[in-house]
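Chemist:
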Amino acid sequence: MVGTANNGRMRHAFSVVNGEEEVGLNSVPPSNAGSEYGGFEFTREDVYGLLNERMKYKNKFNYKERCENMMDYIKRLRLCIKWFQELEGGYLFEQEKLQNELDFTESKCAEMDLMLKNKEEELNLIIVELRKSLASLQEKLSKEESEKLAALDSLAREKEARLTVEKSQASLLEEQGKIQGELQSANQRITSVSDMYKLLQEYNSSLQLYNSKLQTDLDSAHENVKRGEKEKAAIVENLSTLRGQCMSLQDQYNSCKASVDEVAKQKDTLVNEVASLRAELQQVSEDRDSLLLQVQTLTAEVVNCEELVEKSNELKEKCLSQSNQLKTLQDELEATQNKLRVSDLSVFETKTEFEAQKKLISELQNRLEDAELKIVEGEKFRKKLHNTILELKGNIRVFCRVRPLIPEDSPGADGKVVSYPTTTEAQGRAIELTQNGQKYSFTFDKVFMPDASQEDVFVEISQLVQSALDGYKVCIFAYGQTGSGKTYTMMGKSGNPEQKGLIPRSLEQIFQTRQSLQSQGWKYEMQVSMLEIYNETIRDLLSTKDPSRTEYGSNGKQYAIKHDANGNTLVSDLTVVDVCSTREVSFLLDQASHSRSVGKTQMNEQSSRSHFVFTLRISGVNENTEQQVQGVLNLIDLAGSERLSKSGSTGDRLRETQAINKSLSSLSNVIFALAKKEDHVPFRHSKLTYLLQPCLGGDSKTLMFVNISPDHSSSGESLCSLRFASRVNACEIGIPRRQANMRSFESRLSLG
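Each residue of the sequence shown is one higher than the one before, starting from 406 at the first, in my numbering.
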């Protein structure tokens, strides 16, 4: 029979004769239900069977039976034809309906195109203005940098000039000291020479007197000689004795000659010798026998006196030469004094020039500081405009961070896997990944290279963290494969203040800002909760009980995720702790890190095996303006995606890997649905996506860190992470809404 199953098999849909799509059992238009044939359906086999059906009769001559069979066959043919007609009418109705919907959607698309063009023009104008301001700031920066370089060059030259002046001044001071010492010694020599000269003049005058006396004595001696010629015979006899005396006198003469060098000291001895000589002359005059000896002694003394006169002349010449030397020394002293005066004048001039240059350098430094402040303010203004544009667009912001290479990474034969474009527009925002000789380019809101410090990363998100105190819901989560540095970015390394992660730095900033806002009348209360999603099970990391791994959670409780009308997320029975300082939060973070699920795989020594969610709820009241704000800061460290072929997970690690990849694939499906603006977004397919529903589809400020590894063997996973991040960056989740209102009268009374 038509419309029934043949031989117990399901009938295939009948295809229309003109080759259109096949019609299923449920594809009959609803208009068939009201007709008399609406309860029948036809398939290809039914129609072919109806057309090829042959009449079978028990008796060929029984015309009544043949007429009944023919009437039944005609009725079935009419029923089939009627069904085809109604099916064709339904298709025409559906075609008209689809045409109307197509026209309506085309008009909507045209309107949307106009709106998009208008928005694009507005954004282009904003971008042009921003580029102009950026160009002006860059010109100012280049000018200030050139001025700074010139000032530094002039400062270096002034420093060199100052050093040379100081060296010359020190050398002049040393020369002056030497000259003063030589002058003092010369003065001492001059005084000693003058004293000696006076002594020699006195001695010379005494010698001249003595010479005159000797001359008179010589005249008398000549007279006595004439007298003594008569007694020559007697004198010859005594000549031998006189020769002995002459030898003694010669010895005395030698001693006198030796003592001449010390004239000033041996003056008394010479006077005594002269007296003895006078006595001997008197004895010669008295004693005729000793007359010849006295004559010889007198001649010797005359020769000695002549030698003394020559020596006195030599001393005079030495005095003259020393006086000339003294004059030359005085001239040199005057010349050095003039040089000192000139050097003092030059030093004074250099000091004045140095002070002027110092003032100029201080002015340039002040101008440089002003320029740097302007640059910092301009950068803050640019970031603020960028954040405002992103908030108006409602997109999820995405930052990319590349971890440094470690010794365990395998070197790539094709060179570096990750590179960074250096163009002005792409610098700091673009990244290129090379896989199998092909380059893939991506652009995000910010790209951090491997040498970026934790402080550099936190500076970029500090304003976003600050908005939690202003009453916004803020969500920051880290995504990436295992071993790409997500936990280091969020938590950092304990025991090293410079390597603190985003969570402790965010808490320090929030508590510092709360302290500074107290002077403006703001009072804040803060609550902390921490949980992990392990194998699609919520665990309370701040529970005081022993975290036994039960079916529902760490304490056997079944934690349920709930969203209220304001978009706030609550987890039932979750431990919430009031905090007042960063020390308390640090203690709670240490407690949570010890309770978190961590395992060892082939890709990471300490791999996070769960999704970690840190939540800080902020309630603020301004006593002066009666304004209330409620903000939420969610900081999430997602577990890393991994491939079983690389991680080598077995047993519990295998189940953990499967649960992690399943939740991350659910997150990917949610992102795809948001990007395509589908009506249904599958938030409930995973506890992670259901927990993140207000962050991904609500009115919060959301930022994602995509962490990638520069290892050559991880290029495939890195490419998947970058593609997912670019889809996340294209998602529009709505404009963030601030949760602020005025405090009611009852709440003011309750707060006292």
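Even glycine gets a Cβ: it sits at the ideal position worked out from N, Cα and C.
Return the first residue and the last residue of the beta strand (DSSP E) that Tyr939 is part of.
Modeler: 927-939
Chemist: Tell me the start and end of each unbroken beta strand (DSSP E) in the stretch 1069-1156 that is at least 3 residues and wholly inside, in chain order.
Modeler: Qualifying beta strand (DSSP E) stretches, in chain order: 1106-1113, 1145-1147.
Chemist: Assuming Ala873 and Leu1038 are in contact, meaning their beta carbons sit under 8 Å apart, how far apart are those beta carbons, in whole angstroms?
Modeler: 4 Å
Chemist: Pull the bridge partners of Thr949 from the DSSP assignment, please.
Modeler: Listed as beta-bridge partners of Thr949 by DSSP are no residues whatsoever.
Chemist: Ala776 and Glu549: beta carbons closer than 8 Å?
Modeler: yes
Chemist: I'd like to know if Ala1145 contacts chain C, where contact means its C-beta is closer than 8 Å to some C-beta of that chain.
Modeler: Protein chain content of the structure displayed is limited to a single chain, and chain C is not contained in it.
Chemist: Measuring CA to CA, which of Phe1110, Lys524, Ser948 is closest to Ser1131?
Modeler: Out of Phe1110, Lys524, Ser948, the CA that lies nearest to the CA of Ser1131 is found in Phe1110.
Chemist: Which residues does DSSP list as the beta-bridge partners of Gln1032?
Modeler: Its beta-bridge partners are Asn1027, Met1147.
Chemist: Which two residues bound the contiguous alpha helix (DSSP H) that contains Phe863?
Modeler: 859-874
Chemist: Between which two residues does the alpha helix (DSSP H) containing Gln1230 stretch?
Modeler: Residue coverage of the chain in this structure runs from 406 to 1157, which leaves residue 1230 outside it and unanswerable.
Chemist: Return helix, strand or coil for Gly885, following the three-state DSSP convention.
Modeler: strand
Chemist: The alpha helix (DSSP H) spanning Lys967 covers which residue range?
Modeler: No alpha helix (DSSP H) contains Lys967, which is instead part of the beta strand (DSSP E) from 966-968.
Chemist: Between the stretch 1110-1122 and the stretch 874-891, do three or more beta carbon pairs fall short of 8 Å?
Modeler: yes
Chemist: Near Thr839, what residues of its chain come up, given a Cβ to Cβ distance below 6 Å and the 5 sequence neighbours on each side ignored?
Modeler: Val822
Chemist: Can you tell me where the alpha helix (DSSP H) holding Leu810 begins and where it ends?
Modeler: From DSSP, Leu810 is part of no alpha helix (DSSP H); its letter is neither H nor E.
Chemist: Does Lys905 come out as helix, strand or coil in the three-state DSSP assignment?
Modeler: strand
Chemist: Determine the direct distance from the alpha carbon of Asn1134 to that of Pro1141, and round the result to whole angstroms.
Modeler: Cα to Cα, Pro1141 sits roughly 16 Å from Asn1134.
Chemist: For the structure I just gave you, are there three or more beta carbon pairs, one from the stretch 845-855 and one from the stretch 799-811, closer than 8 Å?
Modeler: yes
Chemist: Let me know if Gly494 comes out buried or exposed under the rule of 16 or more other beta-carbons within 10 Å of its beta-carbon.
Modeler: exposed
Chemist: Identify whether Lys962 lies in helix, strand or coil by the three-state DSSP scheme.
Modeler: When secondary structure is reduced to three states using DSSP, Lys962 falls in the coil class, being assigned neither helix nor strand.
Chemist: Below 6 Å CB to CB, which residues in the same chain sit around Ser934 once its five sequence neighbours on both sides are set aside?
Modeler: Within the same chain, Ser934 has close Cβ partners Leu979, Val981, Thr1020.
Chemist: Around the C-beta of Ile486, are 16 or more other C-beta atoms found within 10 angstroms, so that it is buried, or is it exposed?
Modeler: exposed
Chemist: For the ligand MG, is there a heavy atom less than 7 Å away from the beta-carbon of Gly586?
Modeler: As far as ligands go, the structure on display features none, and thus does not contain the ligand MG.
Chemist: Identify, in the order they occur along the chain, each residue of the same chain with its Cβ nearer than 6 Å to the Cβ of Glu712, setting aside the five sequence neighbours on each side.
Modeler: none
Chemist: Whose C-alpha, out of Leu528, Leu578, Ser1000, is nearest the C-alpha of Glu937?
Modeler: Of Leu528, Leu578, Ser1000, the residue nearest in Cα terms is Ser1000.
Chemist: Which whole-angstrom value is the C-beta distance of Ala997 and Leu946, which I expect to be below 8 Å?
Modeler: 4 Å
Chemist: What's the call for Arg808, buried or exposed, on a 16-neighbour Cβ count within 10 Å?
Modeler: The residue is buried, with at least 16 neighbouring Cβ atoms inside 10 Å.
Chemist: What are the start and end residues of the alpha helix (DSSP H) that includes Asp995?
Modeler: From DSSP, the alpha helix (DSSP H) with Asp995 extends over 987-1000.
Chemist: For a test of the three-state rule: what should DSSP assign to Arg1022, helix, strand or coil?
Modeler: strand
Chemist: Ignore the nearest five residues each way along the sequence and tell me which others in Lys1092's own chain have a CB closer than 7 Å to its CB.
Modeler: Ile938, Glu941, Ile943, Ile966
Chemist: My output table needs one value for Val852: the three-state DSSP class, helix, strand or coil.
Modeler: DSSP places Val852 in strand when its eight states are reduced to three.
Chemist: Shortest alpha-carbon distance to Met1147 belongs to which of Val1034, Gln742, Asn1066?
Modeler: Val1034
Chemist: From the DSSP output, which residues share a beta bridge with Arg944?
Modeler: Glu937
Chemist: Based on Cα-Cα distance, which residue from Tyr496, Tyr468, Tyr453 lies nearest to Leu482?
Modeler: Tyr453
Chemist: Nearest-angstrom Cα distance between Leu745 and Leu577?
Modeler: Computed Cα separation, rounded: 7 Å.
Chemist: If you run the structure through DSSP and keep just helix, strand and coil, what is Arg1158?
Modeler: This structure cannot settle anything about residue 1158, because the visible part of the chain is limited to 406 through 1157.
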